[in-house]
Amino acid sequence: MYAITINAPGGPEVLTWTEVPDEEPAAGEVLVEVAAGAVNRADLMQRQGFYPPPPGASPYPGLEVSGRIARLGPGVSGWAVGDEVCALLAGGGYAEYVRVPVGQLLPVPRGIGLVESAALPEVATTVWSNVFMVAHLRPGESFLVHGGAGGIGTMAIQLAKAVGARVFTTVGSPEKAAVCRELGADVAIDYRTEDFVARIAEETGGSGVDVILDNMGAKYLARNIDALAVNGRLVIIGMQGGRKAEIDLSALLNKRAAVAATTLRSRPLAEKAAIVAAVREHVWPLIAAGRVRPVVDRIVPMREAADAHRLLESSGHVGKVVLSVGEEPGTTPPGTAAP
1 MYAITINAPG
11 GPEVLTWTEV
21 PDEEPAAGEV
31 LVEVAAGAVN
41 RADLMQRQGF
51 YPPPPGASPY
61 PGLEVSGRIA
71 RLGPGVSGWA
81 VGDEVCALLA
91 GGGYAEYVRV
101 PVGQLLPVPR
111 GIGLVESAAL
121 PEVATTVWSN
131 VFMVAHLRPG
141 ESFLVHGGAG
151 GIGTMAIQLA
161 KAVGARVFTT
171 VGSPEKAAVC
181 RELGADVAID
191 YRTEDFVARI
201 AEETGGSGVD
211 VILDNMGAKY
221 LARNIDALAV
231 NGRLVIIGMQ
241 GGRKAEIDLS
251 ALLNKRAAVA
261 ATTLRSRPLA
271 EKAAIVAAVR
281 EHVWPLIAAG
291 RVRPVVDRIV
301 PMREAADAHR
311 LLESSGHVGK
321 VVLSVGEEPG
331 TTPPGTAAP
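Residues in the sequence shown are numbered from 1 upward in steps of one, following full-length UniProt numbering.
Right under this line is the structure:
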């Protein structure tokens, strides 16, 4: 089979479409013939040498795929060869075939095409596990997600709105603000021209927001705490703005607030399976009902993954960039890309 390999840490040019040994499913796994994968910022970090795959995971990048089951490993039940699926991975998605633990499989949601469903597993599990299983966002509360026009952001806006929250987001341009409002954001704040803490204070009468999902880390830590409401919950899932910062504990104490930080890729199989099951129960019906949808910026042939990485690094995308086995570059599936 062929896969994208990383011959040495570096820029997008180190991604190479290479013939590699075939995969065989182990006990409790299935082999998926990949129709498409999707690009995540974790893939960029892995390519640069900063985020190696966890022990036992595939060395190839790629944290989510869609495709058809090609083979069942020993002990697998409930699935059949030929089933159309999408899946959460610890690695290996940039390939023609990938082994998937059965607990990380999801059926392709009703009404979503096979290729574009590759844009769902990582964002759906990340948002649901952090915003709802960790931070317990409830109807009537307020929610802020940074980077609302990205893959995580576009899913977080839709899910928070679907459960009845008031949704705030930060964006980098008026065009991205318009996309976020179309997806359900009540307030879109251009971080280049506005202080998001001051704007949230203005919009909430000084009370702040109940839940924040943050991918910036150190750069936004103090301001995120300032933006929290009493009993607010901040969940950090990324470090795009640095790793180290100082917390004013008195601010947390006065607000009775909580700060959590999580990763998904390195979690034990049982924890991932529980998250995937929760997504299937709570998120998949919203997708089938048309209340939540994948937002796909464009489809790029998998062998041209370097171009997709360049696009993510330029932040010139909205939603997800999909890598398809056999699709023409620059195409977008009807009804999935944001306007």
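C-beta atoms are modelled at their ideal positions from N, C-alpha and C, and glycine is treated no differently.
- In the three-state DSSP reduction, residue 168 falls in the strand class (E or B).
- Looking at the backbone, the Cα of residue 74 and that of residue 80 are separated by about 13 Å.
- Shown here, residue 153 sits in a helix according to DSSP, grouped into three states.
- Counting along the chain, no alpha helix (DSSP H) covers residue 20, and no H or E run does either.
- Less than 7 Å separates the beta-carbon of residue 120 from that of residue 86.
- For residue 196, the enclosing alpha helix (DSSP H) begins and ends at 196 to 203.
- Cα atoms of residue 298 and residue 270: separation of roughly 33 Å, rounded to the nearest angstrom.
- Sequence-distant Cβ neighbours of residue 239 in its own chain, meaning closer than 6 Å and more than five residues away, are 217.
- A contact is defined here as three or more CB-CB pairs under 8 Å, and the stretch 62 to 78 meets this definition with respect to the stretch 92 to 104.
- In this chain, the beta strand (DSSP E) harbouring residue 98 covers 97 to 101.
- For residue 299, the three-state secondary structure derived from DSSP is strand.
- Counting along the chain, no alpha helix (DSSP H) covers residue 71; the unbroken beta strand (DSSP E) around it starts and ends at 64 to 72.
- As the crow flies, the alpha-carbon of residue 145 is around 24 Å from that of residue 308.
- Residue pairing by DSSP puts residue 187 in a beta bridge opposite 168.
- With a cutoff of 7 Å on beta-carbon distance, residue 88 and residue 283 are scored as not near each other.
- Taking a C-beta distance under 7 Å as the contact criterion, residue 319 and residue 300 do not qualify as a contact pair.
- Taking the Cβ atoms as the reference, residue 181 lies roughly 16 Å from residue 142, outside the contact range of under 8 Å.
- For residue 275, the enclosing alpha helix (DSSP H) begins and ends at 269 to 282.
- In the DSSP assignment, residue 252 falls within the unbroken alpha helix (DSSP H) covering 249 to 255.
- Between residue 204 and the set 174, 25, 168, the nearest pair of CA atoms involves 168.
- Per DSSP, residue 145 is one residue of the beta strand (DSSP E) stretching across 142 to 145.
- Taking C-beta atoms as the reference points, residue 306 and residue 9 fail to come closer than 7 Å.
- As the crow flies, the alpha-carbon of residue 236 is around 15 Å from that of residue 265.
- The continuous alpha helix (DSSP H) containing residue 126 extends over residues 121 to 127.
- The beta-bridge partner set that DSSP reports for residue 235 consists of 213, 260.
- Comparing alpha-carbon positions, the option among 186, 76, 147, 317 lying closest to residue 192 turns out to be 147.
- Here residue 40 has 63, 64, 122, 151 as same chain residues with Cβ atoms under 8 Å from its own Cβ, once five neighbours each way along the sequence are excluded.
- According to the DSSP secondary-structure assignment, residue 176 is paired through a beta bridge with no residue.
- When C-alpha distances from residue 290 are compared across 70, 158, 242, the shortest belongs to 158.
- Distances from the CA of residue 55 to each of 90, 304, 292, 107 were compared; the closest alpha carbon is that of 90.
- Setting aside the 5 residues that flank it on each side, residue 27 is surrounded in the same chain by 73, 74, 75, each with a C-beta closer than 7 Å to its C-beta; the list follows chain order.
- Residue state for residue 221 is assigned as helix, using DSSP reduced to three classes.
- Nearest C-alpha to residue 232 among 260, 126, 202: 260.
- Scanning its chain for C-beta atoms nearer than 6 Å, with the 5 sequence neighbours on each side dropped, one finds around residue 189 the residues 170, 196, 199, in chain order.
- When the Cα atoms are used, residue 279 and residue 134 turn out to be separated by approximately 14 Å.
- Annotated three-state conformation of residue 105 is strand, per DSSP.
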